[in-house]
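Each remark here refers to the structure printed beneath this line.
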Amino acid sequence: MANYFNSLPLREQLEQLGKCRFMHLNEFTDDVNALKGKKMVVIGCGAQGLNQGLNLRDSGLDVSYTLRAEAIAQKRQSWKNATENGFTVGTYEELIPTADVVLNLTPDKQHTAVVTAIMPLMKEGACLSYSHGFNIVEEGMQIREDLTVIMVAPKCPGSEVRAEYVRGFGVPTLIAVHENNDPKGEGLELAKAYAVGTGGHKAGVLMSSFIAEVKSDLMGEQTILCGMLQTGSLLCYDKMIEEGIEAGYASKLIQYGWETVTEALKYGGVTNMMDRLSNPAKIKAFDLAEQMKDIMRPLYQKHQDDIMTGHFSATMMADWANDDVELLGWRADTAETAYEKMPAGDVEITEQEYFDNGILMVAMVKAGVELAFETMTSAGIIADSAYYESLHETPLIANTIARKKLYEMNATISDTAEYGCYLYNHACVPLLADFMKDIKSDVIGRGLNLNDMGVDNARLIEVNHALRSHPVEDIGSELRGYMADMKRIV
Amino acid sequence: MIASIELRKLTVDFDSQFQLCDIDWQIQPGQNWMITGTNGSGKSALAAVLAGAGDHVQGELSGVPARVGVVSYEAQKELIEAERRKDDADILDVISEGTPVREIIDAVCVNPLLADQLIEQFGLGQLLERSFRKLSTGETRKVLLIRALTSNPDLLVLDEPFDGLDIQSHKMLHEHLTSIVGKTPMVLVLNRFDECPEFITHIAYLDSGKLCHQVSRSDTHAYNELYQLLHLKTSDLEVPAADPVSVLPALDPSEPLVRIKNATIKYDETVIFHDLSWTIERNQHWQLTGPNGSGKTGLLSLITGDHPQCYINDIFVFGFQRGHGETIWQIKQYIGYVSTALQWEYRVGTSLRHVIISGFYDSIGLYSKYTDRQRDIANEWLDLLGMRKRADEPFNKLSYGDQRLLLIARAMVKHPPLLILDEPCLGLDDMNRQRVLALIEKICAGSETAVLYVNHHPEDTIEGIDQYLTLV
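Line by line, the protein sequences are chains A and W.
Here the working numbering = 1-based position in the first sequence + 63.
Here the working numbering = 1-based position in the second sequence + 134.
Next up, the structure:
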């Protein structure tokens with residue numbers, strides 16, 4: 064199989080990368096009708112598979128699960144998940160031929176094997192749905208011409224997909240139609256109905272393309288989302304220890320600090336996050352972020368370039384073929400880091416203290432978000448996609464770190480995210496080594512503790528202007544505006 | 135300044151008609167108390183004990199000063215009756231003029247200057263020579279107040295002192311009482327919490343002859359709770375109307391609301407219950423009981439659709455045979471629901487008002503544009519709960535009990551055909567439990583809602599429930 068993206072002419076590559084549109088609620092008036100009475104068969108009963116299925120069934124759709132014969136015979140967890148929730152479970156041979164829509168919700172790594180196995184069993188003219196476009200775009204999986212291929216990707220972990228639905232809401236969802244495989248022209252209608260069935264239309268749906276999804280998703284997850292937070296955690300922790308800060312405090316400041324500062328990011332973008340700092344701290348964070356952006360820019364560019372050329376996916380697939388030797392080795396290394404081994408101390412840290420004593424962390428988030436956004440948009444990805452895959456998702460990973468720290472964070476994110484995260488981390492730690500030499504506890508751990516909080520007006524105006532005029536803030540306030548319209552109560 | 139007044143395990147009998155039981159209470163110097171409670175709770179009786187009324191059955195009362203100025207309906211009545219007894223007209227056939235007001239006041243007054251001042255302020259100047267018996271109720275009340283205030287008391291016991299006073303006199307009395315704060319300790323009996331003057335430092339709440347709560351004014355949380363309780367107890371408890379615009383699709387009157395046939399819930403090999411059949415007709419009120427783990431909540435969630443095994447059981451709800459293309463929202467629109475699990479799940483940051491409005495949409499949090507009418511209905515509910523002033527405060531900052539009350543209002547707001555209350559009183563304190571039970575009874579008494587009530591506590595019985603299902 065050849066990389067699909069690379070097989071396209073530049074004109075088409077750019078066109079596909081530039082696809083992303085926020086859809087309005089009134090585009091979903093047909094509800095789930097396009098799927099009503101159709102047989103939906105889910106492959107994979109993990110967190111996404113099970114929870115999407117529960118939502119779809121509660122929306123009045125016909126959902127069943129297909130598992131490999133061994134999983135059924137051995138009554139594995141996936142079998143239990145499906146049967147205890149009252150779903151019909153059957154083998155590929157039993158259920159796939161009856162399916163009008165097959166929902167492939169297995170991990171990326173299994174896609175080629177799964178799709179190869181089920182494709183011959185699928186009904187003429189049925190629909191195959193993905194939650195991630197890696198298999199199509201990077202692995203170049205060729206799908207039978209009579210099949211419709213769509214993507215519906217809730218931008219949240221499976222548990223949230225369910226929890227929000229039960230509340231009567233949903234999670235932001237990206238949909239796409241693989242234009243090579245839309246023989247009846249019904250792909251969009253099916254994808255929309257599917258998004259309604261999971262509740263996604265209430266939280267906001269982005270109409271994108273397989274290519275834009277893959278290229279932006281990979282970039283976001285390996286740089287700012289997972290990579291930057293992992294690298295930042297390790298560097299900030301080690302620096303605090305070096306500066307004589309109590310280890311329990313340092314560990315807690317990191318573990319919960321990302322979540323706290325990115326909560327401000329979620330509500331009001333980089334500007335609001337920076338505005339939470341005192342004026343002298345804000346200027347300090349701004350300067351640190353500018354320095355880090357200069358240092359890290361080539362790294363972000365390399366990641367984006369490797370994603371675009373397919374080098375990244377080729378490297379990762381080679382590791383898949385090699386039993387994940389690299390990935391599992393890195394994962395084990397993470398467990399051995401000083402930060403990971405030090406549990407959060409039993410100390411009170413107020414919400415504001417996370418900002419005041421975490422100036423460097425704020426600067427890292429700012430640098431990472433802006434760099435990822437700038438790099439994506441300069442590579443032809445539309446600002447809307449770049450925003451969602453950088454700024455919008457950062458709080459989700461920060462929340463995972465708050466709950467699980469780094470090792471578990473890596474174990475729960477996708478294969479692609481974890482692999483990319485390690486590549487980034489291995490390059491970024493040495494890259495920032497010199498920069499970190501000049502860092503003291505005033506910007507990480509203790510706060511500035513100034514008696515004189517005065518700043519130069521001209522400098523403050525300059526910094527505020529720079530913050531507010533960054534393009535990620537423009538698109539951010541527009542998209543958050545849409546979201547707020549939909550979710551009137553944030 | 136007097137020493138503290140102490141009541142220790144005091145039980146007082148009032149003509150065998152009423153008993154104050156086991157009262158433990160201390161009035162420290164510098165404190166001003168308000169006694170409150172519902173009608174018949176014994177608040178006036180407790181005040182009267184300080185004035186020497188009742189027969190002490192057991193316990194001790196100490197520290198009550200010799201001079202107690204008393205104003206109460208009883209004292210007023212006594213004075214009027216004493217006057218009536220003086221009237222010998224029926225025997226002597228002489229028209230008695232009765233005692234003039236001046237004499238009535240002078241009989242106890244030791245501060246004539248103050249008396250003159252109060253007489254003027256109360257506008258009694260014209261009435262001084264008039265017979266006390268001929269005064270109106272409000273006027274006799276004023277005379278009584280003047281007597282109490284000018285007798286140089288060491289303790290003032292004022293039972294509903296503001297009752298029957300016009301606005302001007304009310305204000306004047308309030309000012310005067312405020313001016314003697316610190317000089318004379320006061321115990322006020324007040325029915326209406328909103329009338330609680332600022333100088334009150336402590337509140338005693340009575341119920342059925344027992345002193346149930348003693349709350350310091352500075353304890354804002356406890357004070358608010360008491361405020362709400364009193365507010366609810368003293369209001370008429372009208373359940374706000376439904377939203378006339380959001381009408382549910384009509385149900386077939388010949389069908390039951392719920393029909394479950396031979397249902398089973400099991401996990402792995404563990405069977406929670408099996409072969410359970412149950413039919414809920416319109417307007418039936420049910421109580422569901424059973425020990426922990428007997429599957430009460432599971433059974434309820436088969437009805438609400440929250441249990442995934444509802445799709446593999448024979449369940450008919452609100453006209454839908456489950457698993458035939460209906461959505462969960464088509465089911466939930468007919469149900470109002472409260473449970474501990476719901477409260478756990480209601481973790482979204484939203485305001486008190488929005489929590490109630492979310493009941494119209496069966497959502498946790500509010501994601502729909504609501505109407506002005508729905509907002510007004512929510513406000514009526516907040517009024518009912520005594521929470522209107524806090525309408526915009528965040529729900530998640532409320533006490534557990536207040537959250538529960540709001541969720542109950544949320545469940546009731548749309549007047550659902552089926553109201554499911556899964557241990558609604560769990561974790562509620564006494565006060566809140568009473569409020570909730572009163573509301574449920576009100577709903578049961580109406581005709582539009584079938585109530586399904588789950589509980590463990592036999593004392594939380596609901597008037598109107600006559601159908602029982604017990605799981606084992």
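From the three backbone atoms N, C-alpha and C, an ideal C-beta is built for every residue, glycine too.
Which residue's Cα is closest to the Cα of residue i: the options?
i, options, result
"A435 of chain A", "A:L494, A:H366, A:S194", "A:H366"
"D478 of chain A", "A:T169, A:K143, A:D537", "A:T169"
"E306 of chain A", "A:S192, A:F68, A:R509, A:Y545", "A:R509"
"T461 of chain W", "A:V259, A:I159, A:L77, A:E252", "A:V259"
"V492 of chain A", "A:D93, A:E403, A:M270, A:M359", "A:M359"
"I437 of chain W", "W:H419, W:T413, W:Q421, W:G459", "W:T413"
"V105 of chain A", "A:N144, A:L486, A:A327", "A:N144"
"Y534 of chain W", "W:L382, W:T505, W:A356", "W:A356"
"D526 of chain W", "W:L518, W:T484, W:L540, W:I511", "W:T484"
"R339 of chain A", "A:F349, A:V324, A:P361", "A:V324"
"T604 of chain W", "W:R507, W:L422, W:F452", "W:L422"
"S178 of chain W", "W:Q192, W:Y207, W:S196, W:V235", "W:Y207"
"K143 of chain W", "W:S150, W:E194, W:D189", "W:E194"
Name the DSSP beta bridge partners of residue i, please?
i, result
"C83 of chain A", "A:S271"
"F148 of chain W", "W:F152"
"E140 of chain W", "W:Q160, W:S196"
"S265 of chain W", "W:P234"
"P458 of chain A", "None; P458 of chain A has no bridge partner."
Quick one: does residue i have its CB under 9 Å from some CB of chain A?
i, result
"T482 of chain W", "Thr is not the amino acid found at residue 482 of chain W; the sequence shown has Val there. Yes, contact with chain A."
"E479 of chain W", "yes"
"S581 of chain W", "no"
"I437 of chain W", "no"
"S380 of chain W", "no"
"G493 of chain W", "no"
"E460 of chain W", "yes"
"W463 of chain W", "yes"
"Y468 of chain W", "no"
"I498 of chain W", "yes"
"G453 of chain W", "no"
"Q443 of chain W", "yes"
"I574 of chain W", "no"
With 9 Å set as the bound, which would you pick, yes or no: does the beta-carbon of residue i sit closer than that to a beta-carbon of chain W?
i, result
"C108 of chain A", "no"
"A100 of chain A", "Per the sequence shown, the amino acid found at residue 100 of chain A is Gly instead of Ala. By this cut-off, G100 of chain A is an interface position."
"G231 of chain A", "yes"
"E147 of chain A", "yes"
"S583 of chain A", "Absent from the structure is residue 583 of chain A, since the part of chain A shown begins at 64 and ends at 553."
"S141 of chain A", "no"
"L237 of chain A", "no"
"R551 of chain A", "Any answer about R551 of chain A is weak, because its pLDDT of 46 lies below 50 and its placement is not dependable; what the coordinates show is given next. Chain W contact via Cβ: present."
"R543 of chain A", "no"
"R466 of chain A", "no"
"A226 of chain A", "yes"
"D93 of chain A", "no"
"A496 of chain A", "no"
"A418 of chain A", "Inspection of the sequence shows that residue 418 of chain A is occupied by Phe rather than by Ala. No, its Cβ sits nowhere closer than 9 Å to a Cβ of chain W."
"F150 of chain A", "yes"
Do residue i and the ligand SAM come close, with the Cβ less than 8 Å from some heavy atom?
i, result
"F498 of chain A", "Inclusion of the ligand SAM in the displayed structure is not the case, the ligand content being empty and no account of it being possible."
Checklist entry - Three or more beta-carbon pairs under 8 Å between the region 451-458 of chain A and the region 286-296 of chain A, yes or no? => result yes
Next on the checklist: Restricting to runs no shorter than 4 residues, where is the alpha helix (DSSP H) found entirely within the region 180-235 of chain W?
Outcome noted: DSSP runs (the alpha helix (DSSP H)) wholly in the region 180-235 of chain W: 207-220, 223-226.
Next on the checklist: Does the contact criterion of 3 or more C-beta pairs under 8 Å hold for the region 228-240 of chain A versus the region 204-214 of chain A?
Outcome noted: Segments in contact, yes.
Checklist entry - Touch check for the region 195-213 of chain W and the region 267-285 of chain W: three-plus C-beta pairs under 8 Å? => result yes
Checklist entry - Counting only runs that start and end within the region 230-299 of chain A, where is the alpha helix (DSSP H) found for 4 or more residues in a row? => result 250-260, 263-266, 273-283
Next on the checklist: Quick check for students: name the residue ranges of the beta strand (DSSP E) that lie wholly in the region 109-194 of chain A, counting only runs of 3 or more.
Outcome noted: Taking only runs of at least 3 residues, the beta strand (DSSP E) segments lying wholly in the region 109-194 of chain A are 125-129, 164-167, 190-193.
Checklist entry - Should the region 181-192 of chain A be called in touch with the region 227-234 of chain A, which here means at least 3 C-beta pairs below 8 Å? => result no
Checklist entry - Using 8 Å as the threshold, is the region 462-471 of chain W in touch with the region 126-139 of chain A, meaning 3 or more CB pairs across them? => result no
Item to check | Segment contact, 8 Å Cβ cut-off, at least three pairs: the region 315-331 of chain A with the region 519-533 of chain A | outcome: Output reads no: the region 519-533 of chain A does not touch the region 315-331 of chain A.
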